[in-house]
Every structure is written in C-alpha cells, then in structure tokens.
Amino acid sequence: MSRPRQKKNMQSNYFESDGETSPRQNYGNLDEKLTGIFEIDHKSYDVTLSDTKLNWSPMGTVIKKKKSKKKHKSHDDDNENQVLLKDIYGVRVKYQKPGDGMVLGVEVYTYERKDFNRLKDRPILLGHPSGEVCSLWATRIDQIISGLPGRLRKVKVFVQAHAGIKTRYIYRALVHPILLGAKIEQDITEVIHNETIKQEMVHLKLSNYDCIICVGGDGTVNKLVNGLLNKTQQNHGIDVKPTTNPAKPMIPIGIVPTGSSNNIAHSVLGTDDPVSAVLHIVLGHKCPVDVCSTYHNEKFHSWGFNFQYGFGGNILVFANRYSKLGQRKVEAAFLKGLTKSKLRPYDCDIQYIPSPKNTESNPLDGVVCHTGCSVCLDSSMGGSNFGSVYSDSLQEYDPLAISGTSSTIIDLTKESPWRSTKGSYMNVAVFTLPGLSEMAPQGLSKYTHLADGCMDLVLVRNTERKDFIRYLKRHGNSKNQFDFPFVEVHRVKDLRIRGRLGTTWKHKDWDFNEVQYEMKKLELSVISERSMEVVNDLSDIDDDDEDIKSLGSGAGLSDDDEDNSNDPKAQNNMRQSYSAPVYRKTFYEQNRERRSKKTRDKEEKKKQSEEMKTRSVWNMDSEIQRDIDLDFRIHPQLLLICGQGLHPQTPRQEAKMGCLPAF
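For what it's worth, UniProt numbering labels the leading residue of the sequence shown as 1, then goes sequentially.
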C-alpha cells in the first residue's frame with residue numbers, strides 16, 4: 001500500500017523523503033452533506049459524506065450478495081457499506097505517481113478487525129478522475145477527523161533497537177507508514193543505553209507533544225513511565241513520599257510491543273500485535289490504568305506495574321544470562337530455574353492493608369477485566385482529572401507515618417488496618433495489570449483489573465517441586481492457577497515486604513581481634529578516669545585564677561618554641577627524633593598472613609553463596625532490582641495508555657508455546 005510522503009526530518013536517520021503532505025485547512029460547511037459518484041473495487045457507487053459517517057450504495061440494479069463467512073465485521077456496525085468517521089485516521093488524494101501524475105481518487109485510511117483484539121489496516125480508494133472533486137472530499141474528511149477528540153499532531157517516539165531482532169524493521173515497515181498516513185509529525189530518538197530515556201525526559205517539554213510512544217518491551221515501557229511520572233511531579237513541585245499523592249500527567253503514552261516480554265502492552269491492548277497498537281494510537285483510543293509506586297527505607301524508589309520476587313526474579317536473571325539464545329532464552333531460563341539446586345523457597349515478612357469492604361471485586365470472583373469493565377468504571381478512586389493532583393480518600397493508612405498534622409488524633413484503641421503474614425514462599429507477586437502474554441494467554445493474574453485502584457498479592461508458599469510445576473502449567477490453560485492449597489491471593493491497597501536472612505550459617509569474624517579489643521577497652525577506661533579527675537580539679541578552680549587564664553593566651557611558651565612551631569625543618573627534625581624504628585615482619589609472619597587472607601576470602605565467598613540461597617531479586621517489569629525490602633502503594637488511574645483493553649467476547653485461549661516442554 002502506498003503512503004503519503006513527508007519531508008525529511010533532520011532528527012531521524014530512519015527514512016528518506018518521498019514527497020509532501022498538504023497542510024490541514026478549513027473548507028466548506030461541515031453540516032452540509034457531500035454526495036457524489038465514485039468507483040470502489042471497479043464498481044460505481046453513490047457516496048454520501050455526513051458529519052459522522054461515510055456510506056455508499058451501488059448504482060443500478062441491486063444484487064443480493066451472499067452472506068459473508070467472516071466471523072468479524074470490519075467495525076461494530078453491521079453495515080459493510082459505510083465507515084464511521086471516528087474510525088478513519090487519515091485521507092489523501094491519490095495520484096498515479098507519488099505527488100504527481102493523473103488523479104486516481106480519494107484514499108481513506110481506516111481499519112478492520114482480524115479477530116476480537118487484533119486490528120488490520122484497511123485503505124479504501126474512492127476512484128474519481130477530477131482533482132478538484134477529490135481535493136474537496138479529502139479536505140472535508142480531513143477537517144472533520146482532525147476535530148475529533150484524541151487525535152494527534154506531534155508525537156515523541158523512543159525506539160529501543162535492542163528490544164527485539166526485528167524492531168527497526170517493524171518500525172519502518174508497520175509503524176511509520178500509519179503515522180505518516182495520519183499526518184502525525186514525529187520526533188524520533190533511538191535508545192542507545194539505559195539512561196537515554198531518563199536524560200531525554202529531563203529536558204523534554206511535554207506541552208510540545210500530544211503523545212509519547214515507545215517501541216520496545218516491558219523494560220522500555222518501565223523506563224518511559226518512570227521518566228514521564230518523575231517529570232510530571234517535578235513540574236508540579238511534588239516530592240514523592242509514602243504519604244503524598246502524585247499528579248497525573250496530561251499526556252498519554254503509546255506502546256508498540258516488540259520485545260521478548262510484552263505483558264504491559266498485551267494487558268492494555270489484548271494483543272501484542274504492533275499494527276493494532278499503532279492503530280489504537282492514531283485513532284485516539286485511551287484507557288486509564290493504575291500505577292504502583294515503590295519505596296525503599298521510606299524513600300521513593302520507582303514506578304511500576306507488575307513485580308515478582310523469588311522464582312519470577314530468578315527467571316529474569318537466568319534469561320539475561322542466556323540472552324544469546326534469542327527467543328528460546330525464556331524456555332532455557334525456566335528449565336534452569338526449576339532444577340533442584342535452583343528452586344527453593346525464600347523467607348519473607350509481609351504486611352498489607354486489604355482493599356475496602358465496599359469494593360465489589362475480589363481476587364477470586366472470576367470477573368475478567370475487559371473493555372468497558374464495570375468494576376473499573378464504577379471505581380471512584382481515581383477520577384479523570386488528568387494534569388492535576390488527585391485526592392485519595394484512603395491515603396491515611398498508617399496514622400503513625402503521618403507527621404506535621406497537629407489535627408490528627410491517633411486512637412490506639414482501634415484495630416490496626418494492617419494484616420501480617422510470614423513464611424517461606426516460592427514466589428511473591430504483586431500485580432496491577434493482568435499480565436497477559438503468549439505463555440499466559442489469560443494472564444499471570446486472571447482477575448486483576450486495569451483501573452480498580454487495587455493490586456493483587458499472590459503468595460505461593462513452600463511446596464513440592466511437582467506441585468509448583470502444576471501451578472506454572474495452569475498459566476497456559478483455562479484452569480484456575482489459584483486453585484491450590486499452597487496459593488494465597490489478596491486484593492490490597494498498601495503493602496510492605498521484608499526479606500528474612502537465615503541464621504544457620506556461622507562464620508568467623510575476621511575483623512575481630514581479641515588483643516586489640518582488650519587494649520581498646522583498657523584505654524577507654526583510663527580516658528574515662530582521667531576525664532573524671534579533670535572535672536574534679538576544675539570544680540576547685542576559682543574564676544580569678546590568672547595562671548589558668550594565661551593558658552588560653554599561649555602563656556608559658558618561650559620565644560624559641562613559638563619560632564620552631566612555624567618552622568617546617570624544625571618540625572621534621574622533631575618527628576625524626578621521636579620516630580621509632582620500623583618493624584620488619586619475618587617470612588613466617590608474612591606466610592601466615594597470606595594463608596589467613598586466602599582462608600578469609602574463601603570463607604567470604606562461601607558466606608555470600610549461602611546468603612544468595614536465602615534471598616532473591618525483584619523482577620520489576622523485566623528490570624532487576626536487588627533491594628529486597630520494599631513498600632508498595634497503588635495510585636488509581638494515574639496514567640493514560642493508548643488502548644481499549646481486552647474485548648468482552650475474547651475466547652479463552654491456550655498457550656501457543658509451552659514454557660515447560662520437558663515436563
């Protein structure tokens with residue numbers, strides 16, 4: 001399919017100039033209908049353009065067509081001979097040669113559904129030989145769709161070239177032509193290193209763009225979300241703390257999934273198809289989502305969506321280790337993580353605040369989040385006032401954590417809202433999104449909602465290896481993965497997780513020296529005795545004692561002493577006169593120190609190995625975080641992401657590829 005041309009952008013090294021696009025302009029009255037005769041698929045049609053739709057009917061004898069065997073219509077409307085203008089993202093006058101030659105007609109860019117969640121680009125050519133008529137129709141359609149809410153004019157694009165093997169090809173062949181057809185100006189930046197997005201967002205002026213698009217996987221999305229939210233809080237002068245409410249950014253983000261893990265995009269779009277993602281972006285489809293903030297030692301750490309500790313964290317470490325295997329690195333990571341030497345439980349102390357009792361949803365109610373979800377729509381936690389600081393009615397979870405409010409009265413007689421549990425867990429997971437993927441078509445947490453103001457806490461207690469494998473396999477089929485006695489699920493508002501290190505390992509403290517300890521203790525006792533004597537002596541001295549007063553003015557020093565005190569040569573001679581001879585160690589002592597150092601390094605290495613068995617890492621949206629002790633807080637509907645969620649009629653699917661092929 002040919003696309004309109006655009007002038008070369010000096011900020012982009014991806015594309016060359018093909019031609020030019022005509023600027024938008026006002027033409028005619030939008031309330032008047034346009035009618036004309038056009039040729040569609042080599043047949044003549046009467047075409048009518050109104051302010052809401054474009055429809056056409058065949059001329060002459062009406063021939064009854066056979067019913068189409070397609071399961072899905074191009075749109076929700078049953079009439080195939082019309083297109084709603086809200087479903088059109090671009091229009092242009094098509095020539096025989098790009099930008100020149102004979103006029104072929106008006107080409108309208110819309111879409112059709114390949115299945116319930118996947119969209120397909122669909123160009124419609126209204127053939128007509130008159131350039132004036134085609135220009136009139138193209139201008140009128142362009143004027144109407146440009147006034148629709150959510151349509152974009154300029155976007156910032158971050159391309160993560162290392163997210164997948166075909167990322168550059170996907171952007172050039174699939175994403176760029178659709179953005180060009182929608183006449184959207186692009187400012188492209190290729191992600192070179194981990195700090196590229198962070199550095200760009202610091203100096204980025206958000207008001208110059210209508211949307212920020214990232215082409216990559218979950219790690220790229222996480223960096224973009226952190227950069228955007230941190231930039232928004234900086235603009236509002238908000239210091240993010242556990243007791244503060246952040247501001248909502250006015251600008252949405254678009255996600256084009258091209259990485260190895262696309263759980264975030266798949267949850268919001270219902271698919272990981274890049275074409276569907278960019279069509280949602282250009283059509284202005286947006287939905288609010290919850291975002292979780294994390295804190296370490298009462299200090300803000302980062303933003304995120306889904307987190308896993310234990311088995312989920314180990315899988316990410318192994319996957320990075322096997323990155324040379326390409327797409328099979330995930331399978332290799334699962335097989336490595338399920339070996340008897342690597343699969344182990346981890347001790348944790350967990351505290352959480354359950355979601356309010358008036359919330360209609362619970363983590364085991366069987367209600368799946370989809371487009372127009374009643375649970376998310378009925379949630380009154382977030383609202384839709386983007387660009388301002390929202391008010392959370394349940395922000396004061398822990399009264400002891402609030403300071404600076406003299407009007408707060410702490411009633412210690414009331415029951416604490418916090419619930420606590422502890423034990424050994426194979427995996428600890430926190431979900432704000434369902435986490436759909438190819439290996440988990442129905443989600444890592446099936447009944448988690450996008451914008452209900454809650455997060456789901458999934459705890460998998462210590463169990464046998466075969467039972468844990470059964471739990472993993474249920475993520476790829478329609479069975480409930482939570483239907484096990486060793487799995488707990490809680491819908492929570494606030495969460496604290498603390499790791500507990502084992503006490504079985506006993507090691508020698510090489511930093512302890514008994515002789516030095518006794519000598520230091522003796523010195524401290526002597527100093528304390530002298531200080532007591534000085535205090536007693538000073539208590540007997542009168543204020544009029546001239547000898548004591550003269551000490552402060554330097555009395556008692558001779559002139560020679562004063563001169564020598566400023567002479568460097570004299571100071572050097574004094575040091576040499578009082579310096580003791582240097583002790584030289586014997587060969588026996590040197591060998592003993594080398595042996596002790598070798599033994600010490602060996603024990604330290606063994607100690608670290610034993611400690612690693614008692615602690616894991618956090619998998620934070622496919623990013624490794626080694627700080628175990630974290631606090632989590634949910635922020636309802638904090639962010640807008642381009643998409644519409646899972647289609648309500650989506651059938652239950654099985655995993656296309658098994659992550660456990662050997663079991």
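A virtual CB, placed ideally from N, CA and C, is assigned to each residue, including glycine.
Any chance the region 230-245 sits against the region 599-610, with 3 or more Cβ pairs inside 8 Å? no
In angstroms with no decimal places, state the Cα-to-Cα distance between residue 260 and residue 443. As a working mapping, residue 260 is identified with position 260 in the sequence shown. As a working mapping, residue 443 is identified with position 443 in the sequence shown. Answer to the nearest angstrom: the Cα atoms are 16 Å apart.
Go ahead and pull the three-state DSSP assignment for residue 137. If you number the sequence shown from 1, residue 137 lands on position 137. Note: residue 137 maps to helix in three-state DSSP.
Tell me the rounded alpha-carbon separation between residue 495 and residue 350. Taking the first residue of the sequence shown as 1, we reach residue 495 at position 495. Taking the first residue of the sequence shown as 1, we reach residue 350 at position 350. Their Cα atoms are separated by approximately 7 Å.
Per the contact definition of three or more C-beta pairs closer than 8 Å, is the region 262-273 in contact with the region 609-620? In this structure the region 609-620 does not touch the region 262-273; the number of beta carbon pairs closer than 8 Å is below three.
When you compare each of 313, 169, 286 to residue 623 by their alpha carbons, which one comes out closest? As a first step, residue 623 must be located in the sequence shown, where it is residue number 623. Considering only alpha carbons, the answer is 313.
Let me make sure I understand the geometry here. Which of 266, 284, 241 has the alpha-carbon closest to that of residue 295? Mapped onto the sequence shown, residue 295 falls at position 295. When each option's Cα is compared against that of residue 295, the closest is 241.
Relative to the C-alpha of residue 40, which residue among 441, 278, 123 is closest? Position 40 of the sequence shown, counting from 1, holds the residue named residue 40. Selection 441, 278, 123 evaluated against residue 40 yields 123 as nearest (Cα-Cα).
Look up residue 182 in the DSSP assignment and say whether it is helix, strand or coil. Residue numbering aside, residue 182 sits at position 182 when the sequence shown is read from its first letter. Taken through DSSP and simplified to helix, strand or coil, residue 182 comes out as coil.
Suppose you measure from the CA of residue 254 to the CA of residue 435; what does that come to, to the nearest Å? As a working note, residue 254 is residue 254 in the sequence shown. As a working note, residue 435 is residue 435 in the sequence shown. C-alpha separation (whole angstroms): 17 Å.
Sequence-distant residues of the same chain with beta carbon closer than 7 Å to residue 209, five excluded per side: The count along the sequence shown starts at 1 and reaches residue 209 at position 209. Cβ within range, chain order: 154, 155, 156, 251.
Where does the unbroken alpha helix (DSSP H) through residue 196 begin, and where does it stop? Residue 196 sits at position 196 when you count from the first residue of the sequence shown. 196-203 is the span of the alpha helix (DSSP H), which, as asked, contains residue 196.
DSSP-derived helix/strand/coil call for residue 639: Locating residue 639 in the sequence shown gives position 639, where the first residue counts as 1. In this structure, residue 639 counts as strand in the three-state DSSP scheme.
What residue from 194, 237, 202 has the CA that sits closest to residue 220's CA? Here the question's residue 220 lines up with position 220 in the sequence shown. For residue 220, the nearest C-alpha among the options comes from 194.
Can you tell which of 630, 344, 592 has its C-alpha closest to the C-alpha of residue 611? On the sequence shown, position 611 is the one that residue 611 refers to. Comparing Cα positions, the closest option is 344.
Apply the 10 Å Cβ neighbour rule to residue 119 and answer buried if 16 or more other Cβ atoms are within range, or exposed otherwise. Within the sequence shown, the letter at position 119 stands for residue 119. Buried: at least 16 other Cβ atoms inside 10 Å.
From residue 404 to residue 297, what distance separates their C-alpha atoms? Position 404 of the sequence shown, counted from the start, is the residue given in the question as residue 404. Position 297 of the sequence shown, counted from the start, is the residue given in the question as residue 297. Unreliable placement is indicated for residue 404, whose pLDDT of 35 sits below 50; no coordinate value is reported for it.
DSSP beta-bridge partners for residue 80? As a position in the sequence shown, residue 80 is number 80, starting the count at 1. Note: residue 80 sits in no beta bridge, so no partner.
Cβ separation of residue 84 and residue 53, assumed to be a contact under 8 Å, to the nearest whole Å: Taking the sequence shown and counting its residues from 1, the one referred to as residue 84 is at position 84. Taking the sequence shown and counting its residues from 1, the one referred to as residue 53 is at position 53. Residue 84 to residue 53, Cβ: 5 Å. Contact.
How long is the line joining the alpha carbons of residue 487 and residue 310, rounded to whole angstroms? Within the sequence shown, residue 487 is the residue found at index 487, counting from 1. Within the sequence shown, residue 310 is the residue found at index 310, counting from 1. Cα to Cα, the separation comes out at about 14 Å.
Would residue 450 and residue 264 be called neighbours here (beta carbons separated by less than 8 Å)? As a first step, residue 450 is located in the sequence shown; it is residue number 450 there, counting from the start. As a first step, residue 264 is located in the sequence shown; it is residue number 264 there, counting from the start. Cβ distance not < 8 Å, so residue 450 and residue 264 don't count as in contact.
Extent of the continuous beta strand (DSSP E) run through residue 694: Since the first and last residues shown for the chain are 1 and 663, residue 694 lies out of range.
Quick one: what does DSSP say residue 257 is sitting in, helix, strand or coil? Translated into the one-based positions of the sequence shown, residue 257 becomes position 257. Strand at residue 257.
Compute the Euclidean distance between the alpha carbons of residue 74 and residue 322, then round it to the nearest angstrom. Numbered from its first residue, the sequence shown carries residue 74 at position 74. Numbered from its first residue, the sequence shown carries residue 322 at position 322. Residue placement at residue 74 cannot be trusted, given a pLDDT of 47 that sits under 50; what the coordinates show is reported in the next sentence. Rounded to whole angstroms, residue 74 to residue 322 spans 42 Å at the Cα level.
State yes or no: is the C-beta of residue 369 within less than 8 Å of the C-beta of residue 645? For the purposes of this step, residue 369 is taken as residue 369 along the sequence shown, with counting starting at 1. For the purposes of this step, residue 645 is taken as residue 645 along the sequence shown, with counting starting at 1. Yes, the Cβ-Cβ distance between residue 369 and residue 645 is below 8 Å.
Quick check on the burial criterion: 16 or more other C-beta atoms within 10 angstroms. Buried or exposed for residue 478? Your numbering for residue 478 matches position 478 in the sequence shown. By the neighbour-count rule (16 or more Cβ atoms within 10 Å), residue 478 is not buried but exposed.
I'd like to check one pair, residue 492 with residue 457: are the Cβ atoms closer than 8 Å? Position 457 of the sequence shown holds residue 457. Position 492 of the sequence shown holds residue 492. Yes. Within cutoff.
Measuring only the C-alpha atoms, how far is residue 448 from residue 43? Position 448 of the sequence shown holds residue 448. Position 43 of the sequence shown holds residue 43. Roughly 49 Å separates the two Cα atoms.
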